[in-house]
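Heads up: the structure comes next, in structure tokens.
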Amino acid sequence: MKKLYLASATVWLLILQACGQTTGSAYALMLKGLYSHTIPQLKPEQLYQQLQKAENKPLLLDTRTAAEHKVSHLNGARFIAYENFSLSLLKDVPKDTPIIVYCSVGYRSEKIGEQLQQAGFNNVHNLYGGIFEWINQEYPVYNKAGQTNKVHAYSSTWGIWLEKGEKVYE
Numbered sequence: 001m002k003k004l005y006l007a008s009a010t011v012w013l014l015i016l017q018a019c020g021q022t023t024g025s026a027y028a029l030m031l032k033g034l035y036s037h038t039i040p041q042l043k044p045e046q047l048y049q050q051l052q053k054a055e056n057k058p059l060l061l062d063t064r065t066a067a068e069h070k071v072s073h074l075n076g077a078r079f080i081a082y083e084n085f086s087l088s089l090l091k092d093v094p095k096d097t098p099i100i101v102y103c104s105v106g107y108r109s110e111k112i113g114e115q116l117q118q119a120g121f122n123n124v125h126n127l128y129g130g131i132f133e134w135i136n137q138e139y140p141v142y143n144k145a146g147q148t149n150k151v152h153a154y155s156s157t158w159g160i161w162l163e164k165g166e167k168v169y170e
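Counting in UniProt numbering, the sequence shown runs from 1 upward without gaps.
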């Protein structure tokens, strides 16, 4: 079913571009079909504003693969991996901590967010559009060497949604 949404969104992307609409419109359409809408979403600009404050900063959880995280991530994000996620990774985190989960586009992170809510975490948000939308809005990402322009694009199919930054597929 999710593949049908992606295929449909890709067709809409072509139609919208032909009509002069932005890729962002097609991306929003694709995300609407992809998300279950079980976790509140936070737009990149809202998260960026929260991160500029000195106090009560949210805990950022990167739910992508180790290879994706290594290429780049949001500054200060904790890597927790979707594939072998365990709540024991967060045993040191109080249940009322503001938590922002993210992945490439927001699907995997939404699933982790659901698990966090079921475990009693009561302030969980999913980064709308994931790291792709973060980069598309020109917010910074980092690797162990510092700020970078590189982003793991997951696959050529998903990479079409990454408009800014340097795509990496390794």
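The C-beta atom is built at its ideal place from N, Cα and C for all residues, glycine as well.
**Q.** Residue range of the unbroken alpha helix (DSSP H) whose run includes Q137
**A.** Counting along the chain, Q137 falls outside any alpha helix (DSSP H), and DSSP gives it neither H nor E.
**Q.** Rounded distance between the beta-carbons of P98 and N123, thought under 8 Å
**A.** 5 Å
Q. Does the stretch 102 to 114 come within contact of the stretch 55 to 62, defined as at least 3 CB pairs closer than 8 Å?
A. yes
Q) Is P44 near the ligand FAD, judged by its Cβ being under 7 Å from some heavy atom? A) Annotation note on the ligand FAD: not contained in the displayed structure, which lists no ligands.
Q) Under three-state DSSP, which class holds V71? A) helix
Q) When you compare each of N143, G146, V168 and T148 to S155 by their alpha carbons, which one comes out closest? A) V168
Q) Helix, strand or coil: which one does DSSP assign to I112? A) helix
(Q) Taking only three categories from DSSP, how would you classify Y102? (A) strand
(Q) Tell me the rounded alpha-carbon separation between V71 and G129. (A) 18 Å
Q) Which of helix, strand or coil does DSSP assign to F79? A) strand
Q) Taking C-alpha atoms, which residue in G113, D92 and Q50 lies nearest to A81? A) G113
Q) Run through DSSP, which three-state label would T22 get? A) Per-residue confidence for T22 stands at a pLDDT of 45, beneath the threshold of 50, marking its modelled position as unreliable; the derived number appears in the next sentence. Reduced to three states, the DSSP call for T22 is coil.
Q. Thinking just about the alpha-carbon of each residue, which of L42, Q50 and K150 is nearest to the one in N126?
A. L42
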